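Have a look at the structure below before the remarks.
Residue numbers (the UniProt record's numbering): 1 to 679.
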């Protein structure tokens, strides 16, 4: 078939699809209007009008007494005489009050909020009555992939969720072989102002759940007593928890690391990450010898020494003992599907102490069918391919942790100095790497590919050469480049830095780390007032010492592509709150932000901005570049290019001079008024 014939055939199919959509639309719309007419009349007739205001006590409005202004001969009066009638109008001078600058509405936040890309512009920004925005609108139409809402012409008819769902359902039933994406593409062409193509496709399952919930097949997981009806896999039972749980913030549906954006925090390979966490935390476990919980404890069974324990091993400080896995023949209690499923979930936590597992299992199961830890151990021995292993400490480990920490620092410094002359790049967005083998680009390591350091959230081991080891500073010494964290523009992490007291609170009385201000929110008190430069400004409400943390620059975290689209609008209105976060993300405080968004630009600032890595996230910290007194306005350098400097710097200087003249003139006028009153 020639290309011309294929084109005609595709055009004919598209016309037929659009025609089918409109045919089904009119059928559903008539059905909807008929339903509204019948049900609406029945609803109105069934309403009972009750005197709801019968017992309401009305309180009469208290009108304050009006005190008439007395005629004071010292004030200037204007008199108008008409015959015998004399009209007097007292003139009361009011003090001059400057009008406040205009302010755009914004929502306050003290943490960054992730924002999705907007492919459709909701409205055309108003640039003024005297501005011809025709070319600007054409430029915006090209900038936004799905154009501007309301500018595309469809069939001109309204469509609500009910009509949309049943129209698509009817078209789908008529054209069974047509992809749903293709149907919604032409639904969007017919009704472009209902929603975008992407939104139409994602809202269809919700509409099905809303209008026809009986068509969705749901499997019953629990019975009337709340117990699981089958031995479901732990992955299936924990799917929603693992998808929605942010393993970085330990919060569900995190506003910063949601499941669709933050790969590795809200989704991804859980097994490899969990194994890495379990293996990494072995050294942090309690080294005390576990004791049997009762006479029926699994520890009371015969223990057989491992053959490896007879060999001399100078590097190991532990005796590895294996427990005999002979099943308990006296165990008569059967296992229900509910108990098996709960046990599989508990084992997935990496806990090997069957006494603790027994306590948790008995809490979640039937009270009349309590299990002992030896029964649970027997079940685990039969269910698992390998016997559980118990590690007993013979002596406390004193130097191994210090030696391991020291070796990791040496390895890290040697690797960084060999490859980058000691410079640490934090340009890429931090995502936990999840791959097999060591961290190399050929193994698909994301951190190596974007030239980032591996964090504690990565699935690699502690021996990874690319893992950031933290610092070994003494408490209170993490404010110079001698600190490895400060030099790398990282805040100290309590899970990694073990000597600088970054895990201590100020109430402990001990000296604490000075490099944890952003993660603890130790910002200064700030206020918003009219600026001496332009519009509103941010002022210090307390004295601030040099190098102190002032505030975090918060807002919406958007992609670079979204920042380009928004930037076109901000450039025309000459007001932008965009701040580069990393190579992939930008912080926009236009709609959502905190008080520091009002800090203005200056080439001689008293503050500086610094991008810092905090718990695996980029944060923008504003720090004092010099000592700042209470009441001083805060400035920092916006890093304008040459064109922006030409537009702003003269404006800055003129605004400062005009502000000083206005202040001086207001002072002179105020004093002269006092002198006039005294005469």
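We put the CB at the ideal spot given by N, CA and C, even for glycine.
Please read all numbers here as calculations on a predicted model, not as lab measurements.
Original post:
Mind pulling the beta strand (DSSP E) runs of 3 or more residues that sit fully within the region 578 to 630?
Top reply: 578 to 580, 585 to 593, 607 to 614, 617 to 624
Subject >> Anticipated Cβ contact below 8 angstroms, residue 635 with residue 548, distance rounded >> reply: Counting from 1 along the chain shown, the entry for residue 635 is found at position 635. Counting from 1 along the chain shown, the entry for residue 548 is found at position 548. About 16 angstroms separates the two Cβ atoms, so there is no contact after all.
Original post:
Quick one: what's got a C-beta closer than 6 angstroms to residue 145's C-beta in the same chain, skipping five residues either side?
Top reply: Numbered from its first residue, the chain shown carries residue 145 at position 145. These residues qualify, in order along the chain: 119.
**OP:** Quickly, what does DSSP pair residue 114 with across the bridge? List them, please.
**Re:** Stepping through the chain shown from its first residue, residue 114 is reached at position 114. The partner list for residue 114 (beta bridge, DSSP) reads 557.
Original post:
Roughly how far, in whole angstroms, is the beta-carbon of residue 297 from the beta-carbon of residue 355, given that I think they are within contact range, below 8 angstroms?
Top reply: Position 297 of the chain shown holds residue 297. Position 355 of the chain shown holds residue 355. Contact holds; Cβ gap of about 7 angstroms.
Original post:
Do you know how far the Cα of residue 299 is from the Cα of residue 372?
Top reply: Residue numbering aside, residue 372 sits at position 372 when the chain shown is read from its first letter. Residue numbering aside, residue 299 sits at position 299 when the chain shown is read from its first letter. If you take the alpha carbons of residue 372 and residue 299, they lie about 12 angstroms apart.
Subject >> Own chain, CB closer than 7 angstroms to residue 519, minus 5 neighbours either side, in chain order >> reply: Sequence index remark: in the chain shown, residue 519 carries index 519 (1-based). The answer, listed in chain order, is 491, 614, 615.
Subject >> First through last residue of the alpha helix (DSSP H) which encompasses residue 632 >> reply: As a first step, residue 632 must be located in the chain shown, where it is residue number 632. Where residue 632 is concerned, there is no enclosing alpha helix (DSSP H), given that its DSSP letter is neither H nor E.
Original post:
Using DSSP with H/G/I as helix, E/B as strand and the rest coil, what is residue 536?
Top reply: Here residue 536 refers to the residue found at position 536 when the chain shown is read from its first residue. Strand.
Original post:
Would DSSP call residue 228 helix, strand or coil?
Top reply: Along the chain shown, one-based indexing puts residue 228 at 228. Note: residue 228 maps to strand in three-state DSSP.
Original post:
If you drop the 5 nearest sequence neighbours on each side, which residues of the same chain put their C-beta closer than 7 angstroms to that of residue 471?
Top reply: The residue given as residue 471 occupies position 471 in the chain shown. Correct list, in chain order: 478, 483, 484, 485, 492, 497, 500.
Subject >> DSSP-derived helix/strand/coil call for residue 198 >> reply: For the purposes of this step, residue 198 is taken as the residue at position 198 of the chain shown. Correct three-state label for residue 198: helix.
**OP:** Identify every residue that forms a DSSP beta bridge with residue 490.
**Re:** Start at 1 with the first residue of the chain shown, and residue 490 comes out as number 490. Answer is 613.
Original post:
Is it the case that the Cβ atoms of residue 598 and residue 536 are separated by a distance below 8 angstroms?
Top reply: Here residue 598 is taken as the residue at index 598 of the chain shown, counted from 1. Here residue 536 is taken as the residue at index 536 of the chain shown, counted from 1. Result yes, Cβ atoms of residue 598 and residue 536 sit closer than 8 angstroms.
Subject >> Three-state class that DSSP yields for residue 479 in the structure shown >> reply: By one-based count along the chain shown, residue 479 stands at place 479. Coil, per DSSP.
**OP:** Please state whether DSSP places residue 529 in a helix, a strand or coil.
**Re:** Position 529 of the chain shown holds residue 529. Correct three-state label for residue 529: strand.
Original post:
Which same chain residues, not among the five before or five after residue 316, have their C-beta less than 8 angstroms away from its C-beta?
Top reply: Counting from 1 along the chain shown, the entry for residue 316 is found at position 316. Confidence is the limiting factor: at residue 316 the pLDDT is only 40, short of 50, which leaves the residue's position unreliable, though a coordinate-based value still follows. Nothing listed; no residue qualifies.
Subject >> Where residue 508 falls: helix, strand or coil (DSSP) >> reply: Within the chain shown, numbered from 1, the residue matching residue 508 stands at position 508. Residue state, collapsed to three classes: helix.
Original post:
Since residue 552 sits in a beta bridge, which residues does DSSP pair it with?
Top reply: Position 552 of the chain shown, counted from the start, is the residue given in the question as residue 552. Answer by DSSP bridge pairing, in chain order: 621.
**OP:** Determine, using beta-carbon pairs with one atom in the region 185 to 198 and one in the region 136 to 155, whether at least three such pairs fall under 8 angstroms.
**Re:** yes
Subject >> Whole-number beta carbon distance between residue 606 and residue 625, since they are thought to touch under 8 angstroms >> reply: Numbered from its first residue, the chain shown carries residue 625 at position 625. Numbered from its first residue, the chain shown carries residue 606 at position 606. Between residue 606 and residue 625 the Cβ distance is about 6 angstroms, and since that is below 8 angstroms, they are a contact.
Subject >> Assigned secondary structure, residue 119 (DSSP; H/G/I helix, E/B strand, else coil) >> reply: On the chain shown, residue 119 is found 119 positions in, with the first residue counted as 1. If DSSP states are grouped into helix, strand and coil, residue 119 belongs with coil.
Original post:
The alpha helix (DSSP H) with residue 174 in it runs from where to where?
Top reply: For this step, residue 174 is matched to residue 174 along the chain shown. Note, residue 174: alpha helix (DSSP H), 161 to 174.
Subject >> Cβ pair residue 172, residue 183 closer than 8 angstroms >> reply: Taking the first residue of the chain shown as 1, we reach residue 172 at position 172. Taking the first residue of the chain shown as 1, we reach residue 183 at position 183. Closer than 8 angstroms, so yes.
**OP:** Could you pull out every residue in the same chain whose Cβ sits closer than 7 angstroms to the Cβ of residue 228, ignoring the five residues on either side in sequence?
**Re:** Here residue 228 is taken as the residue at index 228 of the chain shown, counted from 1. The answer, listed in chain order, is 221, 222, 337, 338, 341.
Original post:
Do the CB positions of residue 426 and residue 447 come within less than 8 angstroms of each other?
Top reply: Within the chain shown, the letter at position 426 stands for residue 426. Within the chain shown, the letter at position 447 stands for residue 447. For residue 426 and residue 447, no; Cβs fall outside 8 angstroms.
**OP:** Name, in chain order, the residues that DSSP records as bridge partners for residue 467.
**Re:** On the chain shown, position 467 is the one that residue 467 refers to. Per DSSP, 454.
**OP:** Specify whether the region 17 to 31 and the region 163 to 171 touch according to this definition: at least 3 beta carbon pairs, one from each stretch, less than 8 angstroms apart.
**Re:** yes
Subject >> Simplified DSSP state of residue 251, which is helix, strand or coil >> reply: Start at 1 with the first residue of the chain shown, and residue 251 comes out as number 251. Residue 251 falls in the strand class under three-state DSSP.
Original post:
When DSSP labels each residue in this structure, what does residue 18 get in the three-state scheme?
Top reply: Counting from one through the chain shown, the residue named residue 18 turns up at place 18. Residue state, collapsed to three classes: helix.
Original post:
Is it a yes or a no for the region 555 to 572 touching the region 529 to 543, going by three-plus beta-carbon pairs under 8 angstroms?
Top reply: no
Original post:
Taking one C-beta from the region 135 to 145 and one from the region 108 to 127 each time, how about it: are there three or more such pairs within less than 8 angstroms?
Top reply: yes
Subject >> Cutoff 8 angstroms; reference residue 175; Cβ partners in own chain excluding five residues on either side >> reply: Position 175 of the chain shown, counted from the first residue, corresponds to residue 175. The answer, listed in chain order, is 17, 20, 183.
Original post:
Which value, in whole angstroms, describes the spacing of the CA atoms of residue 508 and residue 208?
Top reply: Within the chain shown, the letter at position 508 stands for residue 508. Within the chain shown, the letter at position 208 stands for residue 208. Near 56 angstroms, if we compare the C-alpha coordinates of residue 208 and residue 508.
**OP:** Keeping to the same chain, check which residues put their C-beta closer than 6 angstroms to that of residue 487; ignore five residues upstream and five downstream.
**Re:** As a working mapping, residue 487 is identified with position 487 in the chain shown. Closer than 6 angstroms at Cβ, skipping near neighbours: 481.
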